[in-house]
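Engineer:
Number of protein chains: 2
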Amino acid sequence: MTLNFIKPMTQTSIKIVVYEDNPDLRESLSVLLAGSIGFELIGAFVNCEQVAKQIVELKPDVVLMDIDMPVANGLKGLKIIKQLAPQVNVVMFTVFEDNENIFEAICSGAVGYLLKRTPPVKLLEAIQEANNGGAPMTSSIARKVLQMLPTQQKVTENNDYKLTERESEILNLLVKGNSYKMIADKCSISIDTVRSHIKKIYDKLHVHSQTEAVAKAIHERIV
Amino acid sequence: MTLNFIKPMTQTSIKIVVYEDNPDLRESLSVLLAGSIGFELIGAFVNCEQVAKQIVELKPDVVLMDIDMPVANGLKGLKIIKQLAPQVNVVMFTVFEDNENIFEAICSGAVGYLLKRTPPVKLLEAIQEANNGGAPMTSSIARKVLQMLPTQQKVTENNDYKLTERESEILNLLVKGNSYKMIADKCSISIDTVRSHIKKIYDKLHVHSQTEAVAKAIHERIV
DNA sequence: AGTTTCATCACCCAATCATGTGATATTACC
DNA sequence: GGTAATATCACATGATTGGGTGATGAAACT
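So the protein lines, in turn, are chains A and B. Just add 16 to wherever you are in the first sequence, counting from 1, and you've got the working numbering. Just add 16 to wherever you are in the second sequence, counting from 1, and you've got the working numbering.
1. Just to check my reading of the structure: A/Lys132 and A/Val111 have Cβ atoms closer than 8 angstroms, yes? What is that Cβ distance to the nearest angstrom?
2. Counting only C-beta atoms, is A/Arg159 closer than 7 angstroms to chain B at any point?
3. Considering only C-alpha positions, which residue in the set B/Ile234, B/Ala142 and B/Asp208 is nearest to B/Leu130?
4. Do we get a CB-CB distance below 7 angstroms when we pair A/Gly93 with the residues of chain B?
5. Ordered along the chain, which non-local residues of its own chain (more than five positions away) have a Cβ less than 6 angstroms from that of A/Lys170?
6. I'd like to know whether the C-beta of B/Leu165 is nearer than 7 angstroms to at least one C-beta of chain A.
7. How about B/Pro136: is its C-beta nearer than 7 angstroms to some C-beta of chain A?
8. With distance defined between alpha-carbon atoms, name the residue in B/Ala233, B/Val223 and B/Leu45 nearest to B/Pro135.
9. If you reduce the DSSP assignment to three classes, tell me which class B/Val34 lands in.
10. Taking contact to mean 3 or more Cβ pairs, one atom from each stretch, closer than 8 angstroms, check whether the region 150-169 of chain B and the region 150-162 of chain A are in contact.
11. With a 10 Å radius around its C-beta and 16 neighbouring C-beta atoms as the bar for buried, classify A/Asn194 as buried or exposed.
12. Would you mind working out which of B/Lys215, B/Arg182 and B/Leu221 sits nearest B/Lys202, comparing C-alpha positions?
13. I want to verify the contact list: residues of chain A whose CB lies under 8 angstroms from the CB of B/Met81, in sequence order.
14. By the criterion of Cβ-Cβ separation under 7 angstroms, what are the contact partners of B/Glu145 in chain A?
15. Quick check on A/Val210 - is its C-beta less than 7 angstroms from some C-beta in chain B?
16. Am I right that A/Val87 and A/Asn63 are in contact with their C-beta atoms under 8 angstroms? What's the rounded C-beta distance?
17. Suppose you measure from the CA of B/Lys215 to the CA of A/Glu73; what does that come to, to the nearest Å?
18. Could you check which residue in B/Leu139, B/Leu162, B/Asn188 and B/Pro102 has the C-alpha nearest to that of B/Gly125?
19. Output the distance between the C-alpha atoms of B/Tyr218 and A/Ser206, rounded to the nearest integer angstrom.
20. Quick one: list the residues of chain A neighbouring B/Ala231, beta-carbon separation under 8 angstroms, in chain order.
21. Under 9 angstroms between beta-carbons, which chain A residues line up against B/Gly149? List them in chain order, please.
22. Taking beta-carbon pairs under 7 angstroms, can you tell me which members of the region 32-58 of chain B lie near chain A?
23. Within the 7 angstroms Cβ cut-off, does B/Thr180 reach chain A?
24. Rounding to the nearest angstrom, what Cα-Cα distance links A/Ile234 and B/Ile122 in this structure?
25. Taking C-alpha atoms, which residue in A/Leu139, A/Gly54, A/Tyr177 and A/Ala68 lies nearest to A/His223?
26. Would you call A/Val137 buried or exposed, if buried means 16 or more other Cβ atoms sit within 10 Å of its Cβ?
Dropping the structure here:
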């Protein structure tokens, strides 16, 4: 990645919009992007107040989004963007490294999450990656994202109800919305046998109704 | 990251075990790690047959794990490692880039996922990151991981059932395992009213039983 | 003033579910 | 050979649920 201050307008430039309340940082980003081949800064704003209008008009490829901004913050802006133009790749650019913000940003559709101490070269790389369908983030951020996923450990932990194979099978069918009769059909057993199995499942799960069993099964990933 | 062929034994070296069936690649990795300060290759094996014994004896900090190996593959090995020694950081090192393998590896507790075409320098960086609590992966892998998370889009999309406030409240109580009678009590309304609300909920959700409603509610909505 | 939406309640009937108390056959293990 | 776990089935009883039909009042919007 080379910085180049003679910037030709190419058709393949990545069009970028920046949301950042700090004037110095905003200026730095402008200079960086203006001076880099393949990048085109088409807008830079202090907050997300006008985000809807701006995104629709400017049609950026990538948005670099600060989180902590006065009036209308970056998470709010992100959500609006993903509603109006879900194809836009939004990269969060912030000092926050807490699970809360990361989780909300990722769940709201951000594709990348960078910290402000990211060096300029890495920042340009990240924008390119975001534009190419990647999800740029540091490995410490990635670790936090992984912790949001269901892990094998959790699964093992919760499979401790020691359901038999048949019982698991029937619980699965139950979760999928099958009635006793449908389960009996699918398993080729009598409805009384289904009953019998389900009674044992309730015992093992310490529940007393289909609803509770289904909720527990889904929440604890027994299914 | 510099390669250094005069390798002093420092106490802070990252202890690494490699599982890789290709002899050439295994040799390359050995040379790379042997020649790099801060890295100590303490074992290299062709498959995961003896993984349990090896991990317990060698106590590595980081494991570099191929997936496609004869007899005992890397995903199997990963699971055994995470059971016996969950503190070990396992980085998958493979040619596979499909969702299936990535998903299984991440859910089984792998902290990193690298492709075999990763350049040596990046590989060493990744091992360090894994050792320092990071989750090294390329941004394209990261994007795939993100897709495994529930997104705001999905939530918005599915909130489209337009339940009224009361209906949402009752659905929530249903999901928590309450019977009609219990809901009636908690909401201080008659059981017939509960019925009435639930009937409307079923209509809107296109389901015909508590079980289905609960499963649907949990899988794609509020709860 | 009329219409729509929402929350509330009532009654009926058939289907389904929860629970209890059995029994039988198979497999596996000591 | 005896025991335990599993899977199968039966019968009975009462509670709960699902669907239909309809009514009332309040709020909101036209």
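C-beta: ideal position from N, C-alpha, C; glycine also. Bear in mind that the values here come from a model prediction, so they are computed numbers and not experimental data.
Structural biologist: With the given structure in hand:
1. With a Cβ gap of about 5 angstroms, A/Lys132 and A/Val111 count as contacting.
2. Chain B has a Cβ within less than 7 angstroms of the Cβ of A/Arg159.
3. Ranking the options by Cα distance to B/Leu130, first place goes to B/Ala142.
4. Interface annotation, A/Gly93: not in contact with chain B, CB-CB separation never under 7 angstroms.
5. A caution first: A/Lys170 carries a pLDDT of 48, below 50, which makes its placement in the model unreliable, though a value can still be read off. Taken in chain order, the list of residues that qualify is empty.
6. Residue-level contact by beta carbon holds for B/Leu165 and chain A, with a gap shorter than 7 angstroms.
7. Not an interface residue.
8. Considering only alpha carbons, the answer is B/Leu45.
9. B/Val34 falls in the strand class under three-state DSSP.
10. Because the criterion of three Cβ pairs below 8 angstroms is met, the region 150-169 of chain B and the region 150-162 of chain A touch.
11. With 16 or more other Cβ atoms within 10 Å, it is buried.
12. Checking every option, the nearest Cα to that of B/Lys202 belongs to B/Arg182.
13. Using a Cβ-Cβ cut-off of 8 angstroms, B/Met81 is close to nothing in chain A; its nearest Cβ partner there is about 14 angstroms away.
14. In chain order: Ser155.
15. Closer than 7 angstroms to the CB of A/Val210 there is not a single CB belonging to chain B.
16. About 5 angstroms separates the beta carbons of A/Val87 and A/Asn63, which is inside the 8 angstroms limit, making them a contact pair.
17. One C-alpha to the other measures close to 45 angstroms.
18. That would be B/Pro102, whose Cα lies nearest to the Cα of B/Gly125.
19. As the crow flies, the alpha-carbon of B/Tyr218 is around 28 angstroms from that of A/Ser206.
20. Chain-order list of chain A residues neighbouring B/Ala231: Val191, Lys192, Gly193, Val230 and Ile234, by C-beta distance under 8 angstroms.
21. Ser155, Ser156 and Arg159, listed in chain order.
22. Cβ contacts with chain A: none found.
23. Taking Cβ atoms only, chain A never reaches closer than 7 angstroms to B/Thr180, which makes this a no.
24. Taking the straight line joining both Cα atoms gives about 20 angstroms.
25. What sits at residue 223 of chain A in the sequence shown is Val, not His. Ranking A/Leu139, A/Gly54, A/Tyr177 and A/Ala68 by Cα distance to A/Val223 puts A/Tyr177 first.
26. A/Val137 counts as exposed, since fewer than 16 other C-beta atoms from the protein chains shown sit within 10 angstroms of its C-beta.
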